[in-house]
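Protein chains in written order, with this note's numbering: chain A, 25 to 277; chain B, 6 to 314.
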Amino acid sequence: MNFRAVWAIYRYEMTRFFRTLMQSFISPVISTSLYFVVFGTAIGSRIQEVEGVSYGAFIVPGLIMLSVIMQSISNASFGIYFPKFIGTIYELLSAPINFLEIVIGYVGAAATKSLFIGLVILGTASLFVDLTIAHPFAMIAFLVLTCVSFALMGFIIGIWAGNFEQLQLVPLLIVTPLVFLGGSFYSISMLPDIWQTITLFNPVVYLISGFRWAFFDMADVPIGISLLAIAAFTGLCLAIVWLIFRTGWRIRA
Amino acid sequence: MAPILRITDLKKTYDGGFEALKGVSLDIEEGEILALLGPNGAGKTTLISTVCGITVPTSGTVTVGGHDIITDYRAARSQIGLVPQEINLEPFEKVWNTVRLTRGMFGKKRDDALLEDILRRLSLWDKKDTRIKELSGGMKRRVLIAKALSHEPRVLFLDEPTAGVDVELRKDMWEIVAELKKQGVTIILTTHYIEEAEAISDRVGVINGGQLLLVEEKKALMERMGQKQLTIELREPLSAVPEALAEFDLELGEEGQTLTYSYDTRKERTGITTLLSALSDNGIVLRDLVTRQSSLEEIFVGLVKEGAA
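Structure below.
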């Protein structure tokens with residue numbers, strides 16, 4: 025294992041993050057505040073409580089997940105797409121490193137960034153609503169797993185993308201609907217029966233449900249299944265990444 | 006001593022079916038400078054990319070310092086520095102960070118003193134905190150070299166290091182190469198500037214159509230293929246070459262002021278003495294004599310044409 029290489033890539037990617045620190049933090053803070061104004065105030069005045077939790081607090085886990093998922097994907101996809109785009113990928117390919125080291129470096133950095141952003145949103149949210157976290161360790165674990173798995177997915181998108189449009193395509197067309205329909209802003213039990221069943225095919229449901237459990241000790245699906253779902257998703261992404269590097273798909277001619 | 010780089014029957018066919026390398030074999034000794042000469046699309050960059058791990062060979066083997074580039078890629082690649090043809094640098098990054106990244110990626114321990122030394126030698130030290138986009142084209146190329154040297158490679162590939170670079174910088178680049186050679190670095194450079202190969206290389210390889218047409222000591226190559234020309238400036242212009250001198254196959258220059266005689270340096274007799282006495286026998290008075298050796302360029306053009314024919 026070339027630990028120095030992993031560290032070098034991680035560090036380099038993190039300096040990019042710190043270089044744009046203001047943008048990285050300000051945009052999630054502003055959008056979180058907007059969500060609170062729109063959802064918390066407008067809808068919250070009608071919905072008051074969901075299963076004993078105030079609506080404002082109820083949407084916090086979903087809001088964090090929403091940002092963290094989007095950030096993980098965009099950070100990781102951009103992180104690996106950019107070297108491809110400007111040609112610096114030659115360096116990754118000619119260095120004495122293997123796929124695992126490249127992935128740990130890039131995905132690790134992307135996940136760290138979105139983890140930071142998730143925590144910033146949590147901090148911002150706590151300014152608007154009273155939050156008590158029932159299972160803090162589980163909350164952090166869920167957050168980290170989500171960051172890592174979606175950063176892996178972003179990494180795959182970044183490798184696959186042939187241009188900037190494609191880079192935006194998957195997050196916009198697939199991930200956004202899945203996240204919005206995944207119970208970020210409502211409880212699954214509020215849906216008609218048929219939609220409750222359909223929703224169970226949405227992987228994001230398990231994430232948000234599990235994350236919400238960590239906050240409020242209440243969930244749409246059992247916590248064990250949530251854990252299983254995210255583990256399976258992470259495993260799937262890892263397998264795809266492994267295949268990509270094994271075959272050199274879209275990277276090595 | 007075993008060669009530092011051994012390429013054996015290397016073939017590369019791209020997915021589209023294009024055969025970029027058609028069985029290249031080449032041994033390079035430690036410490037030498039080899040210039041790979043060839044027109045665009047000859048396979049120079051593919052050859053380098055394959056050795057460096059950027060493209061996967063279709064067949065054949067390559068060893069660097071005895072390590073196979075596929076089965077023992079870590080050991081092989083850690084000995085190679087690559088300066089790519091395109092200026093592939095992240096524009097927003099600072100010089101120091103990007104050089105440090107390369108060293109790290111090659112698994113080398115942080116060594117700021119060494120990096121400082123490299124940057125100083127390349128006149129980049131005062132630019133170390135400058136963002137790459139603010140550098141001139143020549144400076145960017147130096148950054149690429151600094152990156153390639155940052156992990157102390159034994160073999161350095163320079164892919165067209167002076168393409169699109171002004172004359173002054175080209176001379177600088179040659180000096181840098183000479184300096185590296187002194188330090189014992191083996192250098193393989195590709196170029197289509199023949200004067201570059203002529204100026205700095207020990208050996209010259211000519212590649213075209215994915216095949217290595219020849220590899221030879223530069224001097225031997227030039228001597229073997231070398232035609233020399235003797236140009237005679239005349240006191241009085243001639244309207245035509247005199248009949249008596251027909252056997253020398255002379256060429257009359259513009260306005261009849263010069264006569265040019267071509268001869269082969271390899272031959273026992275160059276015929277110069279006979280020519281000179283024949284000239285004076287015919288009452289032709291000389292003002293000056295100039296000899297000129299054919300350049301690599303002429304040799305190269307001849308070879309590529311031969312290969313195409």
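Yeah, the Cβ is synthetic: ideal placement off N, Cα and C, and Gly gets one too.
| query | result |
| --- | --- |
| Contacts that S83(B) makes with chain A (C-beta to C-beta distance below 7 Å) | P120 |
| Cross-chain neighbours of E91(B) in chain A, by beta carbon under 7 Å | G111 |
| DSSP bridge partner residues for T13(B) (one or two, in chain order) | T66(B) |
| Interface flag, N99(A) vs chain B, CB-CB below 7 Å | no |
| Length of the line joining the Cα atoms of A100(A) and R146(B) | 28 Å |
| Enclosing alpha helix (DSSP H) for S244(B) [first to last residue] | S244(B) -> no alpha helix (DSSP H), and no H or E assigned at all. |
| 4-residue-minimum alpha helix (DSSP H) runs that sit fully inside the region 204-270 of chain B, ordered along the chain | 223-230 |
| G322(B) versus A251(B): straight-line alpha-carbon distance, rounded | In the structure displayed, chain B extends from 6 to 314; residue 322(B) sits before or after that span and is not available. |
| Assigned secondary structure, K99(B) (DSSP; H/G/I helix, E/B strand, else coil) | strand |
| At least 3 beta-carbon pairs within less than 8 Å: the region 233-242 of chain A vs the region 73-93 of chain A | yes |
| Inter-residue Cα distance where the pair is A23(A) and S96(A) | Lying outside 25 to 277, the shown extent of chain A, residue 23(A) is not represented and no answer is given. |
| For L26(B), the residue or residues it bridges with in DSSP | K17(B) |
| DSSP state of S208(A) mapped onto helix, strand, coil | coil |
| Reduced DSSP category for A40(B) - H, G, I as helix; E, B as strand; rest coil | strand |
| Neighbourhood of E221(B) by C-beta distance below 7 Å, restricted to the same chain and skipping five residues each side | R208, V209 |
| Alpha carbon of Q190(A) to alpha carbon of T200(A), nearest angstrom | 15 Å |
| Endpoints, the beta strand (DSSP E) within which T196(B) is located | 191-196 |
| Neighbour list for K113(B) in chain A, Cβ cutoff strictly below 9 Å | R28 |
| Length of the line joining the Cα atoms of S138(A) and C171(A) | 6 Å |
| At least three beta-carbon pairs within less than 8 Å, the region 27-35 of chain B to the region 144-163 of chain A | no |
| Opening and closing residue of the alpha helix (DSSP H) in which L196(A) lies | That residue, L196(A), is in no alpha helix (DSSP H); it is neither H nor E in DSSP. |
| Beta-carbon proximity of E241(B) to T263(B), cut-off 7 Å | no |
| Where L117(A) meets chain B, residues with beta-carbon distance less than 7 Å | G58, I59 |
| Euclidean distance between Cα positions of A80(B) and V67(B) | 13 Å |
| Rounded C-alpha distance that separates D131(B) from I181(B) | 18 Å |
| Contact set for W286(B): own chain, Cβ-Cβ below 8 Å, skip 5 residues either direction | Residue identity differs from the one stated: residue 286(B) is Asp in this sequence, not Trp. Counting only Cβ-Cβ distances below 8 Å, and skipping sequence neighbours, we find A249. |
| V131(A) - containing alpha helix (DSSP H), residue span | 123-152 |
| Three or more C-beta pairs below 8 Å linking the region 86-105 of chain B and the region 117-134 of chain B | yes |
| Burial state of R115(B), where buried means 16 or more other Cβ atoms lie within 10 Å | exposed |
| Ranges of the alpha helix (DSSP H) found wholly within the region 122-191 of chain B, counting only runs of at least 4 | 142-154, 172-187 |
| Whole-angstrom distance between F102(A) and L167(A), CA atom to CA atom | 21 Å |
| Other residues of its chain near T103(B): CB distance less than 8 Å, five sequence neighbours each side excluded | L94, E95, I137, V148, K152 |
| Residues near L235(B) by beta carbon distance below 6 Å, same chain, minus five either side | Y266, T296 |
| For Q298(B): DSSP bridge partner residues | K233(B) |
| Three CB pairs or more closer than 8 Å across the region 256-267 of chain A and the region 36-46 of chain B | no |
| Test: Y36(A) CB closer than 7 Å to a CB of chain B | yes |
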